[in-house]
Structures are given as structure tokens and as C-alpha cells.
Amino acid sequence: MKNILFILFSTIGLSLSAQVGVATPTPKAILDVNGNINLRGKLVVLNAADSKLSEGRDDQLLVSQGAGLAPTWKSLRIPDYETNKFYLIYNNSFSDRVGTTFTSSEEPTIASRSASFTKNSNISNFSQFKKIPGLSQTFNVYSTESKTYFQFETVIQANFATVGTTDTSIDYACGIFVDDKLVNLRQGNLKAVNSTNPFLTHNQIGLAQNLTKGAHSVGVACSRLKSYNVPAGITLGIGTSVSNNIDSFISQSSFKVDVYEVPQVFNAITN
């Protein structure tokens, strides 16, 4: 009988108390446990969506939803990476229909192209190079071991008349720049042919290895290098049409960035 009365009075005392402390005389919540908890039964929380108690599923964790809200069950997903293997961490593609044009007066004076177009040179050292506006973007690198691939495609056009008896052509060049430093450059030549306003497709692939961790900028810049037997008034278009035999859809530029890394940062994902 004494035990029954003790349990009864203890239960009444708990119901009248606003806060209960276990191993602490000053509880700071309705139930404040100062020590380890050995849970042998169910752990349930209120599901705000349907106002029902939820036990969660296997391998789920309780995640806070902020002050005043009940926690919720979430699944924890950690990517499975193998040591020293590269994985695709970032990929994106961009397009541009603005492009850029060049007249004969915008050809740079270059004594030696091989000496001028050196890797890691700053874009400020490249005379008469113009950036293609929509292809300048930013991306992030999270590992000290990385390979970043760039794929650039555009259309080159000149408003040539039909070809004459001599070689009529224009040399041009396009470079891929990371943080305004040259990582890849390709030269090409557009020739006059038997039809007016010829054009060609220019493709280019570049690579940058082990960029520093953090944010980087990337862009594409091109130049009209030299003309051969080209009459006055001929315009070179890169990524834009200079005659109505093609339009901006056909002449547009595209640029793709893929970052492969040996992961060093593991960000768990909950859903």
C-alpha cells in the first residue's frame, strides 16, 4: 500500500510540475536529463503535415526545423567515393548569340605568334582580343586535385564576295581564359570560296589541372589576326552573323565546363 501511495503522489507531483529534472535540480525544459539516456522503446515526433505521431524509418535521423517547430525525420545520404579517383563534381553549359565582330583596322601587330600566345599569359597582354559576352562565367573547385575541361564551339563568318584568282582569307584565334590567364588557344583560317559570305564551325577543347580551391572565372576571347588579299570593308564575325545567309541561331556560341575532382570535402545530403 505504501508503494502504491508513493507512486500515486509522485504522479500527481509530476503532473503539477511545469518542468522535471533528472540529475539536475534546475531543469531548463519540460524534461531535462543531465546524463545518459537508455531508450528501450519507441521514439516518436509529431508530423506537422498530418498532425500524427511518426516513428520514422530505418536509417533516418531527427533534424531540427527551428525554434517552435517539432523536429522531423530525414534520410542521410553520403556519396560513396573511392580513394584517389576523379569524379564529376560540376558541369554546366552556356550559350551566346551576341558574339563579336572585327574590321581590318582591329588586327594586332604581332612579331611572333608563338612568342605572344604563351600559356598562363594574362589577357591584358593579348592585343585586340575581345571576349564573347555570354560565355564569361564562374565556377568553384573544392579539391586540390582536379581536372577542368572546357569545350567551346562557335561559327566564324566573313562577308566575302566569291573567290578570285588569289588567296583571299583571314586568320583568327580564340583563347580560353581562367581567371584571365590563357589555358588554351586555337588558330584558324577562313577562306573565300565560290559562294559569297562563307562560314565555318570552330571547335576547341581545353584543360586546366589542379586549380586552387575556391571560385574561378572563365571566359572566351577571340581576335582577327591577319588578312590576305582581303579588300576593304570586309567584316569578320565570331559567334555572330555578318550576312543574312545565316542567323543568330546558327552562328551562336556554346561553352561547356566540366570539373572532375578527387573529393576532399564530403557534404552529407539530407532529404
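Numbered according to mature numbering (1 follows the signal peptide of the UniProt record, and there is no 0), the sequence shown spans residues -20 to -1, 1 to 251.
All C-beta atoms, glycine included, are put in the ideal place defined by N, C-alpha and C.
(request) Give the single residue among Ala201, Thr128 and Ser207 whose Cα lies nearest to the Cα of residue 257. (result) What is shown of the chain runs -20 to 251, which leaves residue 257 out entirely.
(message) Going residue by residue through the stretch 37 to 103, where are the continuous alpha helix (DSSP H) segments of at least 4 residues, counting only ones entirely within it?
(response) 93 to 96
(message) Here's a check: name, in chain order, each residue in its chain whose Cβ is nearer than 8 Å to the Cβ of Lys22, leaving out the five neighbours to either side.
(response) Glu35
(request) Determine the closest residue to Val242 out of Ala141, Phe140 and Asn64, with distance taken between C-alpha atoms. (result) Asn64
(message) Let me confirm a value: Gly213 is counted as buried when at least 16 other C-beta atoms fall within 10 Å, else exposed. Which label applies?
(response) exposed
(request) Using alpha carbons as the reference points, say which of Ser123, Ile90 and Asn72 lies closest to Phe109. (result) Ile90
(request) Could you tell me the distance, in whole angstroms, from the CA atom of Leu191 to the CA atom of Ala3? (result) 54 Å
(message) Output needed for Gly114: all residues of its chain with C-beta closer than 7 Å, excluding positions within five of it in sequence on either side, in chain order.
(response) Phe74, Ser75, Asp76 and Val78
(message) With the cut-off set at 8 Å, would you say Glu133 and Ser234 are in Cβ contact?
(response) yes
(request) State the DSSP-derived secondary structure class of Asn105, mapped to helix, strand or coil. (result) helix
(request) Quick one: give me the first and last residue of the beta strand (DSSP E) that Ile230 is part of. (result) No beta strand (DSSP E) contains Ile230, which is instead part of the alpha helix (DSSP H) from Ser228 to Ser231.
(request) Report the rounded CA-to-CA distance for Asn139 versus Ile69, giving the unit in angstroms. (result) Asn139 and Ile69 have their C-alpha atoms some 42 Å from each other.
(request) Compute the distance between the beta-carbons of Gln184 and Arg166, then report whether it is under 8 Å. (result) Yes; because the gap between Cβ atoms is below 8 Å, this pair is in contact.
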